[in-house]
Each structure stands twice: as C-alpha cells, then as structure tokens.
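**Q** I'd like to ask you about the structure that follows.
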Amino acid sequence: MDAPFATESAETRDQNEYDYLRRYQFEQPIQEPLYKEHEAHSETHSETQITEYEVLVQQLENSQGLMHCKADGNVEVLRQLNGKIKISGPKDVVFKTKSSIVLYLRKLEKAEEVSQYVEWGFSINRGKVKPFDKILNYELETKYKDNVQSTAFDHYGTLMFVDYTSMHIWYDGDDAYKYKISRIIKDSVSFNVGFPSSWTHMELGVQCTEEKVDSGDEIFNFIQKKFWKADRNIKILQILRVQNRHLFSQFNVKQKELQQKNGTDSELLLWHGTSKDCIDKIINNGFNRSYCGRNGTAYGKGVYFAVKLRLSLKYTSTSSGIGHMFLATVEVGESCEGYRNMPVLPPRRECASHITYDSACDDPYDPYMFVLFNDIQAYPSYHIAFRYHNW
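Following numbering that gives the first Met the number 0, the residues of the sequence shown are numbered contiguously, the last one being 390.
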C-alpha cells in the first residue's frame, strides 16, 4: 500500500486506513449542539418547521447531515421526537436552511431506496469490504450511472474524487491515500422476482437490453391501435421491449409494498412522452425526476404519466424528426389531487401523519394524469419511436 503504512502489519495497516476514513465524515461527530434556546423573537427573527418527513427524521442515526445544511452559525435547528424539524434564526438564513434540509431529506429518501439494490464500499482487511454510508452510496451510484470515467463531488463539506476506471476514491489534498472501492449488486432481490415470460435473449449476467416486439404480439397491436386513435398522421417506426433486471426488481419490490399497504392492486399502463436526450437515461436508470420532471408542475413536482396517449404526445420532442414515447407499468396506489408545485405527497386522510398518498393526479374521480414522487414506482416497459407522415 502507500508509504505511511509500509512498516506496519497488514491487519494494523487496514485498521489504520479504516480509522482514517472514519475521521472524514463517515461517522464524524457533531461539533456543536443541534439546538440552543433562542432569544425572544424580534423583527429580524424567524421560525419555521419541516413536517413532511417525520418517519425519515425519526430514523436518522444522528443529525450530522442536518448540521451541514445550516446556512450559517446563527441559525438553530431542532430535531424533535415526533420527527418534525424546527428552524429558527435570522430571517435571511432560515429559508435557506429549510430549503437545504428539504433537499437533503429528499436525497436521503432516494439513498434509502438505492441502498436496497446496490452497495458501494471500500476494502479494509484481506478482501473484506466496509460499506459506505447511504448518502455516499447514493452519490457513487448516481455518478456511476452517468457513465463518467471520473468525477468529483462534495460529501458533507469535503471534496471527494472518484476514478471509476481504476475504482479508487480519495479526498481533496490526500491523493496519496487512494482507497480501492467496489460495487455490489444485491441480487437477492432479483432471485425472488419473476421476470416477464415475454422477455427474450436475457443471458446470464446481462442486466439490460432492448428487444424488438414482434408485429404479431398482442402488445404490438394494442400500441398500434392507440397511436392510430390518437393521431392518424403518425407512423410507428419500432416498438422495443425494455428488459432491465435491476429496474424491474426495484419496481417489483415497490409494487408489492404498495399492494400490501393498500390491500389492492392499482397497476396501470400509462404513457410518458420524452425527448431523445432522455431515452438512454430512462432505459438504464428509470424515471428519475431530475430529467423526467422538466415539462410540468401543474399537479406537483414529480414525473408525469398520462392515461390518454394524445396528452403525452404534447411532451415529445420532434426536432430531429423522430418522437419517443414510453408505455410504462405504473403502480399508482392511493392517489390525491395535486396542485401546482406540490413538493411532496401529503398524509392520507384519517391515517397517521407518516402514511402518505402514493401518487397525485388531476382529478381523483376521473384522472387523466398521474404524478409520481417515487422514481421506482414505474417501470418503462415499452419504448416506441415514431414520426409524422409529413416529415
């Protein structure tokens, strides 16, 4: 290994490396009290609460992440036993702190999902791997799926560098200490998943393929009829079946969770129009809000799916002459009426505050549009490429 550990035994060296990493944010202790009694309110003093993430906040092992969200040292943050977060201080920093905490909690929510399916870690002793914390696990997986060779990002205030080619990680200013990292897919989830019998050419070890749907298949005729009904000037170029083991495993787990929660199956086939630059991202990574939620906020800040194909056609980009549409399998669960810029789903009526709705829509009694806030609640089953006859 590196020179500082050259004279030590392998076991001692590995332990020293582990202790060194722990000092860099993985289990960094909080350096100041999370909350202090504040003075009486003044004209420049403000106080607010975050109430949408009670269960997640209650499950936090420590408040390190919340402390890093503080706009400056004058703002005070209290994590209450009921899961609410109270923020007080000068008006100009309270809003910034609240926004930062909400973004952090959303990332933590996503990190929890990702940790169920993939585990990043670093080698500590004779081939043993120590898992990273869930936030770092999420950061590494997100960058990895962007297919970059190397990258840098901030992790709790420390600049971190990753080389995905050599699979090493190190911190700014400490490039002499590079640590070997690994990525492990938790296949135990896939073992319990019955992949669709229609999937073809899925060899062992292959995670994702797109296969052309035969014109004699029932789904081919179904899609053809829907397009014909929506716009007779459209010509379908090809229909591809998306076969992604990892995404389907995630969706399968979430679907079972919602079915058990609600006592019913609410699976629907819905349409999602998109642009060319998002195709590969959706096929490989699913319907992520960072690139799938750009076209609308009328019923919430999520990913939109339409009941009617005609509605989704409005959101397809045709600048290149070819449009792209997904027919997605969606578990909508219990749905509520959304509203413009709705950030998260509200608690369900007559239920505990931590039990929220599963999706939003334009009209709960006759929905034409559904909005999802959980990326793994939909699976991109079919990818359709098309063009208009007059192109």
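Quick reminder that beta carbons are idealized off the backbone N, C-alpha and C, glycines included. All of these numbers come straight from a predicted model, not from anything done at the bench.
Could you please give the first and the last residue of the uninterrupted alpha helix (DSSP H) stretch that includes residue 351?
**A** Along the sequence shown, one-based indexing puts residue 351 at 352. No alpha helix (DSSP H) contains residue 351, which DSSP labels as neither H nor E.
**Q** To the nearest angstrom, how far is the alpha carbon of residue 141 from that of residue 377?
**A** Start at 1 with the first residue of the sequence shown, and residue 141 comes out as number 142. Start at 1 with the first residue of the sequence shown, and residue 377 comes out as number 378. Rounded to the nearest angstrom, the two C-alpha atoms are 18 Å apart.
**Q** Where do the N-terminal and C-terminal ends of the beta strand (DSSP E) with residue 396 fall, by residue?
**A** Residue 396 lies beyond the range of the chain shown here (0 to 390); nothing can be said about it.
**Q** With residue 116 and residue 271 assumed to form a contact (beta carbons below 8 Å), what rounded beta-carbon distance in angstroms separates them?
**A** For the purposes of this step, residue 116 is taken as the residue at position 117 of the sequence shown. For the purposes of this step, residue 271 is taken as the residue at position 272 of the sequence shown. Contact flag wrong, Cβ pair sits at about 22 Å.
**Q** Under 7 Å Cβ to Cβ from residue 35, same chain only, skipping five residues before and after it: list those, please.
**A** In the sequence shown, the residue the question calls residue 35 occupies position 36. Reliability fails at residue 35, whose pLDDT of 41 lies under 50, so the model's placement of it is uncertain and the value that follows must be treated cautiously. Here the set comprises 75.
**Q** Rounded to the nearest angstrom, what separates residue 131 and residue 178 at their Cα positions?
**A** Residue numbering aside, residue 131 sits at position 132 when the sequence shown is read from its first letter. Residue numbering aside, residue 178 sits at position 179 when the sequence shown is read from its first letter. Rounded to the nearest angstrom, the two C-alpha atoms are 12 Å apart.
**Q** Skipping 5 residues on each side, what residues in its chain have a beta carbon closer than 6 Å to that of residue 30?
**A** Indexing the sequence shown from 1 puts residue 30 at position 31. Interpretation of residue 30 is limited by its pLDDT of 36, a score under 50 that renders its predicted location unreliable; no figure is taken from the coordinates.
**Q** In terms of residue numbering, what span does the alpha helix (DSSP H) encompassing residue 312 cover?
**A** In the sequence shown, residue 312 corresponds to position 313, counting from 1. Segment 308-312, the alpha helix (DSSP H) holding residue 312.
**Q** Whose C-alpha, out of 341, 337, 351, 274, is nearest the C-alpha of residue 385?
**A** As a position in the sequence shown, residue 385 is number 386, starting the count at 1. Nearest option by C-alpha distance: 274.
**Q** Going by C-alpha distance, which of 319, 348, 365 is nearest residue 387?
**A** Position 388 of the sequence shown, counted from the first residue, corresponds to residue 387. Checking every option, the nearest Cα to that of residue 387 belongs to 319.
**Q** Could you tell me if residue 333 is buried or exposed, where buried requires 16 or more neighbouring beta carbons within 10 angstroms of its beta carbon?
**A** To locate residue 333, count along the sequence shown from 1; it is residue 334. Looking at its Cβ environment, which holds 16 or more other Cβ atoms inside 10 Å, residue 333 is buried.
**Q** Which of the three DSSP states is assigned to residue 159 in this structure?
**A** On the sequence shown, residue 159 is found 160 positions in, with the first residue counted as 1. Three-state DSSP puts residue 159 in a strand.
**Q** Rounded to a whole number of angstroms, what is the C-alpha to C-alpha distance between residue 65 and residue 100?
**A** On the sequence shown, position 66 is the one that residue 65 refers to. On the sequence shown, position 101 is the one that residue 100 refers to. Going by the C-alpha atoms only, they are around 6 Å apart.
**Q** Give the list of continuous beta strand (DSSP E) stretches no shorter than 3 residues that lie fully inside the stretch 80-142.
**A** Those beta strand (DSSP E) runs which fall completely within the stretch 80-142 and span 3+ residues are 84-89, 117-124, 127-130.
**Q** Could you say which of 63, 54, 89, 50 lies nearest to residue 83 if we only look at CA atoms?
**A** For the purposes of this step, residue 83 is identified with residue 84 of the sequence shown, where counting begins at 1. Taking only the C-alpha atoms, the option nearest residue 83 is 50.
**Q** Considering Cα atoms alone, identify which of 163, 228, 242, 174 is closest to residue 196.
**A** Locating residue 196 in the sequence shown gives position 197, where the first residue counts as 1. Comparing Cα positions, the closest option is 242.
**Q** Can you name the start and end residues of the beta strand (DSSP E) that residue 376 belongs to?
**A** The residue you call residue 376 lines up with position 377 of the sequence shown. Run containing residue 376: none; DSSP gives neither H nor E here.
**Q** Tell me whether the beta-carbon of residue 239 lies closer than 8 Å to the beta-carbon of residue 209.
**A** Mapped onto the sequence shown, residue 239 falls at position 240. Mapped onto the sequence shown, residue 209 falls at position 210. Yes. Within cutoff.
**Q** Determine the direct distance from the alpha carbon of residue 311 to that of residue 198, and round the result to whole angstroms.
**A** Start at 1 with the first residue of the sequence shown, and residue 198 comes out as number 199. Start at 1 with the first residue of the sequence shown, and residue 311 comes out as number 312. Cα to Cα, the separation comes out at about 26 Å.
**Q** Do residue 328 and residue 268 have their CB atoms nearer than 8 Å?
**A** Here the question's residue 328 lines up with position 329 in the sequence shown. Here the question's residue 268 lines up with position 269 in the sequence shown. Result yes, Cβ atoms of residue 328 and residue 268 sit closer than 8 Å.
**Q** Starting from the Cα of residue 47, find the closest Cα among 255, 157, 98 and give me that residue.
**A** As a first step, residue 47 is located in the sequence shown; it is residue number 48 there, counting from the start. Here the closest residue by C-alpha is 98.
**Q** Skipping 5 residues on each side, what residues in its chain have a beta carbon closer than 6 Å to that of residue 299?
**A** The residue you call residue 299 lines up with position 300 of the sequence shown. The answer, listed in chain order, is 337, 341, 359, 370.
**Q** Using a Cβ distance threshold of 8 Å, determine whether the stretch 280-287 contacts the stretch 229-236, with at least three qualifying pairs required.
**A** The stretch 280-287 vs the stretch 229-236: no contact.
**Q** Am I right that residue 168 and residue 249 are in contact with their C-beta atoms under 8 Å? What's the rounded C-beta distance?
**A** Locating residue 168 in the sequence shown gives position 169, counting from the first residue. Locating residue 249 in the sequence shown gives position 250, counting from the first residue. Not confirmed; about 25 Å, so no contact.
**Q** Checking the sheet assignment: what are the DSSP bridge partners for residue 243?
**A** Numbered from its first residue, the sequence shown carries residue 243 at position 244. Residue 243 pairs with 207.
**Q** With H, G and I counted as helix, E and B as strand and the rest as coil, what does DSSP make of residue 177?
**A** Within the sequence shown, residue 177 is the residue found at index 178, counting from 1. Reduced to three states, the DSSP call for residue 177 is coil.
**Q** When DSSP builds the beta bridges, which residues end up paired with residue 270?
**A** Taking the sequence shown and counting its residues from 1, one reaches residue 270 at position 271. Note: residue 270 sits in a beta bridge opposite 305, 326.
**Q** Report the three-state DSSP secondary structure of residue 78 (helix, strand or coil).
**A** Here residue 78 refers to the residue found at position 79 when the sequence shown is read from its first residue. In this structure, residue 78 counts as strand in the three-state DSSP scheme.
**Q** Excluding the 5 residues flanking residue 280 on each side, which residues of the same chain have their C-beta closer than 6 Å to its C-beta?
**A** The residue you call residue 280 lines up with position 281 of the sequence shown. Closer than 6 Å at the Cβ level, and outside the excluded window around residue 280, lie 290.
**Q** Looking only at its chain, what residues have a beta carbon closer than 6 Å to the beta carbon of residue 309, apart from the 5 residues adjacent to it on each side?
**A** Position 310 of the sequence shown, counted from the start, is the residue given in the question as residue 309. Around residue 309: 229.
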